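Chains as they are written, first to last, in our numbering: chain A, 1 to 337; chain B, 1 to 337.
Backbone N, C-alpha and C fix where the C-beta goes; we use that ideal spot for every residue, glycine too.
Here the structure is a predicted model, which means the values were calculated and not measured.
Protein chains: 2
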Amino acid sequence: MDIRPWTRLRGFHRGISAFAFTALALATSFARAQDPLQLWNDTAPKKAIITFVEKVTREGSPDFVPPNERIATFDNDGTLWAEQPMYFQMMFALDRVKALAPQHPEWKTKEPFASLLRGDLKTALAGGDHAIMEIVMATHSGITAEEFEKIVKDWIATAKHPKTGRYYNEMIYQPMAELLAYLRANGFKTFIVSGGGIEFMRPWVEKAYGIPPEQVVGSSIETKFEMRDGKPVLVRLPKIDFIDDKEGKPVGINSHIGRRPIAAFGNSDGDQQMLEWTMAGKGARFALLVHHDDAEREWAYDRKSNVGRLDKAWDEALVKGWTVVSMKDDWKTIFPK
Amino acid sequence: MDIRPWTRLRGFHRGISAFAFTALALATSFARAQDPLQLWNDTAPKKAIITFVEKVTREGSPDFVPPNERIATFDNDGTLWAEQPMYFQMMFALDRVKALAPQHPEWKTKEPFASLLRGDLKTALAGGDHAIMEIVMATHSGITAEEFEKIVKDWIATAKHPKTGRYYNEMIYQPMAELLAYLRANGFKTFIVSGGGIEFMRPWVEKAYGIPPEQVVGSSIETKFEMRDGKPVLVRLPKIDFIDDKEGKPVGINSHIGRRPIAAFGNSDGDQQMLEWTMAGKGARFALLVHHDDAEREWAYDRKSNVGRLDKAWDEALVKGWTVVSMKDDWKTIFPK
C-alpha cells in the first residue's frame with residue numbers, strides 16, 4: 001500500500017483530534033456535571049443513562065457498585081461506528097482480496113471470492129454471517145500478527161467510505177464517544193465486545209475510543225508461535241478460532257473479562273445475548289440499543305436489514321424496558337463536524 | 001462443602017491483610033524511593049529490576065515507555081505462589097475427584113482418576129502435563145461458571161497445604177507481591193499468564209495480588225451460553241479450549257492483551273516462550289526467572305523436577321543474560337510471617 005507522507009500526517013492529525021475530543025468531553029463532564037452528555041438531546045435515553053450512572057457511583061446508595069466492578073461493554077459495528085452498506089471490515093477484506101488475488105488464482109472460480117472480485121457484493125454476502133467470516137478470515141491469515149497490524153493501520157489511514165468520502169474512523173458516532181468518556185470519568189472500565197475481528201480493531205480503537213487493546217473482545221482466527229531465523233513470531237492461521245457474536249458474546253466476555261458487565265450497549269440481534277447476560281446479574285443494570293432510524297444523517301434500517309438486523313433484540317427491549325436510542329430524535333449530532 | 005462462619009471470617013481477614021500489605025508496600029515505595037523492594041536483598045536481581053523500572057519510566061530517557069505500553073506478565077505457579085509437591089490446582093482437582101467420585105463409578109478403573117482415588121499421586125501424574133490437564137478439565141466441568149466460581153472460593157477459604165499447614169493463599173511469595181505493587185506504582189499494568197485454569201485463578205487473585213479478573217490469562221475449557229428457566233447461564237463443557245503453557249503463552253498474551261509485554265516473570269520451561277516473545281520486542285525489555293534453590297524455607301528443584309522444571313529456559317537465561325533470582329540468596333523472606 002502506498003503510504004505517502006501526507007496520509008501519515010493526516011492520520012496523525014485525526015488521532016490527535018480524537019484524543020482532543022476525549023479530553024474535551026472529560027473536561028466538560030467535570031465542569032458541567034449537570035450536562036455530561038451534551039451531544040444527546042434531553043430525551044428519555046440521556047436521562048436513563050445519567051440516572052443509572054449516578055446511582056451506581058453514589059457511595060452509600062443501595063445501588064452502589066465499587067469501581068472494579070463497573071464494567072461496560074460496547075458492540076462496535078453499528079453501535080460505535082457505522083456499518084452500512086456493509087461492515088467496514090468487509091470493505092477492508094475486499095481491498096485485501098484485490099491485493100491478494102494474483103497469489104490466489106483459485107479465487108476466480110471460488111465463491112464468495114469470485115463475486116467479490118467481480119464487484120458483485122450482493123452475491124458474495126448472500127452466504128450470510130458465515131460466508132462473511134470466511135472471507136474475513138481467509139484474507140486475514142498467512143502473515144504474522146505484526147504484519148497484519150501494519151496492514152490494518154495503513155488501511156485505516158488511507159481508505160475512504162464509498163458513500164460519505166470520509167475516512168472510516170471519521171464515521172464514529174460522536175454521542176457514543178462522549179458516552180464512553182462519561183462512563184470512564186465515572187470509574188467505569190469500557191470494553192469493546194464485537195463480532196468484528198479482534199486484531200482488526202486493536203490497531204486503531206485506542207486512538208478512536210480511548211479503549212486499549214487489552215479491553216477489546218472480538219472474533220479471532222488461530223495463531224501459532226514459531227521461530228523464524230531465531231526470532232519468535234505469531235503466525236495467523238486460516239482457521240476460525242472464535243466467533244464473538246450472538247451466544248458467543250457472553251462466552252467472549254467470560255473468557256476475556258471474567259466479570260459480568262453492569263452495562264451493555266448494542267444495536268442488533270447480534271447483541272441480544274450480551275444484553276441478556278448483563279441484565280441477568282444482581283443489582284443495578286443497564287442495557288441500551290441504538291436504533292438506526294435516521295436516513296438523512298446516517299442510514300435507516302432495522303427488522304429486515306442483512307447487516308445489523310434489529311428485530312428479536314428490539315422486541316425483547318420493548319418487553320423488558322431496555323433503553324432504545326433513536327439516532328434521529330435522541331442525538332444532536334452523529335459524525336464529527 | 002461445610003463453610004462455617006469462622007472460616008469465612010478467617011478468609012475475610014486474609015483478604016484484608018493482603019490488601020493491607022499491598023497498601024503498605026505502595027506507601028513504602030513512595031516514602032522511600034531509594035528502597036522500593038525491601039523484601040529483596042541488595043543483590044544483582046533487585047538492582048536489575050530497579051534499573052529497568054527507572055529507565056522506562058524516566059521521561060526524556062531514550063528507554064522511556066508510555067504507561068499504556070508498560071505491560072508486565074507473571075506466571076503464577078512457582079512464580080507468585082508455591083507449586084510443590086504438585087500444582088495447587090491439582091490439590092483442588094483431587095478434592096473435586098473425591099467429591100465427585102460417587103457420581104462417576106467409571107473413575108474406579110479409569111486412569112488417571114483411579115490412581116488419584118487410591119491416593120497414588122505419582123502414578124496419576126505420570127502422564128505429564130496432558131494427564132494433569134485432563135484431570136483438571138474433567139473435574140472442572142458440567143457446572144455453570146457461577147457455580148464453579150463458588151466452589152473455588154470455598155476451597156481457597158478452607159483447604160490447607162498438606163506439608164506447611166497453611167492456607168494456599170498464604171503460600172504467596174511476598175517479594176513477588178512487593179514487586180507487583182512496585183511495578184503498578186510505576187504505571188505498569190500487571191497480568192497473570194499461567195498454565196493454570198483461568199477460572200481457577202480469577203476468584204481469588206484480585207485479593208491476593210491486586211490483579212483483576214480481566215488481567216488474568218490462563219488455560220480454559222469451552223463454555224456454552226444457555227437459557228435455563230429463562231435465565232442465561234454459561235455451562236462449562238468437558239472440552240479443553242486452550243492450553244496457556246509454553247508456545248501457548250505468547251498466543252494467550254496476543255489473544256487477551258493484544259500488546260507485547262515489556263517485562264515477563266516466570267520460573268520454569270513453561271515460561272520460556274513468554275520470555276522469548278517479550279525480549280524480542282523493540283526497546284528496553286526485562287526477563288526474570290525465579291530459581292527454587294531454598295530447601296529450607298521452600299523447596300529446591302530445577303532441571304529434573306516433574307513440576308516446574310527449569311532446564312532449557314535456565315540455559316537460555318544464562319546465554320542471554322536474563323535475570324535469575326535465587327530464592328535463597330536474593331529474598332529476605334518467602335511466605336507471609
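- Any Cβ of chain A closer than 9 Å to the Cβ of F92 of chain B would place that residue at the interface, and such an atom is absent.
- Interface annotation, W277 of chain A: in contact with chain B, CB-CB separation under 9 Å.
- Per DSSP, K98 of chain A is one residue of the alpha helix (DSSP H) stretching across 88-100.
- If you ignore the 5 residues before and after E146 of chain A, its C-beta comes within less than 8 Å of the C-beta of V233, L234, all in its own chain and listed in chain order.
- Shortest Cα-Cα distance from D77 of chain B to any of B:K55, B:G258, B:P45, B:M171 involves B:M171.
- One thing to note: E298 of chain A has its Cβ no nearer than 9 Å to the Cβ of R259 of chain B.
- Rounded to the nearest angstrom, the Cβ distance from A99 of chain A to K108 of chain A is 15 Å, too far for a contact under 8 Å.
- Beta bridge pairing from DSSP links M279 of chain B with no other residue.
- Per the C-alpha coordinates, the member of B:Q89, B:I334, B:A284, B:L39 positioned closest to P66 of chain B is B:A284.
- Take W322 of chain B, set aside five residues on each side of it, and the residues of its chain with a beta-carbon closer than 6 Å to its own are A287, in chain order.
- Beta-bridge annotation (DSSP): F265 of chain A is paired with A:F74, A:L288.
- Residues of chain A whose Cβ lies closer than 7 Å to the Cβ of S255 of chain B are, in chain order, S220.
- Between the C-alpha atoms of V325 of chain A and A264 of chain B there is a straight-line separation of about 44 Å.
- For V216 of chain B, at least one C-beta of chain A is nearer than 9 Å to its own C-beta.
- Counted as a single uninterrupted DSSP element, the alpha helix (DSSP H) harbouring R202 of chain B occupies residues 198-209.
- Interface criterion not met: the Cβ of G187 of chain A is under 9 Å from no Cβ in chain B.
- The three-state reading of DSSP puts Y167 of chain A in strand, counting E and B together.
- Collapsing the DSSP output to three states places V217 of chain B in a strand.
- Comparing C-alpha distances from S305 of chain B to each of B:F64, B:V193, B:E83, B:A48 shows the shortest one belongs to B:E83.
- Put simply, the CB of A287 of chain B is far from chain A, with every gap to its CB atoms at 9 Å or more.
- For the pair D271 of chain B and T144 of chain B, the CB atoms are not nearer than the 9 Å cut-off.
- Cβ neighbours of W155 of chain A within its own chain (closer than 6 Å, five residues either side excluded): F92.
- Not one beta carbon of chain B lies nearer than 9 Å to the beta carbon of E147 of chain A.
- Note on T223 of chain B: 16 or more other CB atoms within 10 angstroms of its CB, so buried under the neighbour-count rule.
- V233 of chain B: member of the beta strand (DSSP E) spanning 231-242, first to last residue.
- Per DSSP, reduced to three states, the secondary structure at W322 of chain A is coil, with no helix or strand assignment.
- Non-local beta-carbon contacts of E247 of chain B in its own chain, meaning distances under 6 Å to residues more than five positions away in sequence, involve Q273 in chain order.
- Taking a contact to require three or more Cβ pairs closer than 8 Å, the region 242-256 of chain A and the region 192-207 of chain A qualify as touching.
- When the alpha-carbon of T73 of chain A is set against those of A:L117, A:P261, A:Y209, the nearest one is in A:P261.
- K282 of chain B has its alpha-carbon roughly 19 Å from the corresponding atom of A48 of chain B.
- The three-state secondary structure of A44 of chain A, taken from DSSP, is helix.
- In the DSSP secondary-structure assignment, I192 of chain B is bridged to B:F74, B:V216.
- For L234 of chain A, the neighbours in chain B by C-beta distance under 7 Å run, in chain order, P250, V251, N254.
- The three-state reading of DSSP puts W331 of chain B in strand, counting E and B together.
- For P162 of chain A, the closest alpha carbon among the candidates A:D95, A:S220, A:P175 is that of A:D95.
- Around the C-beta of R70 of chain B, 16 or more other C-beta atoms lie within 10 Å, and the residue is accordingly described as buried.
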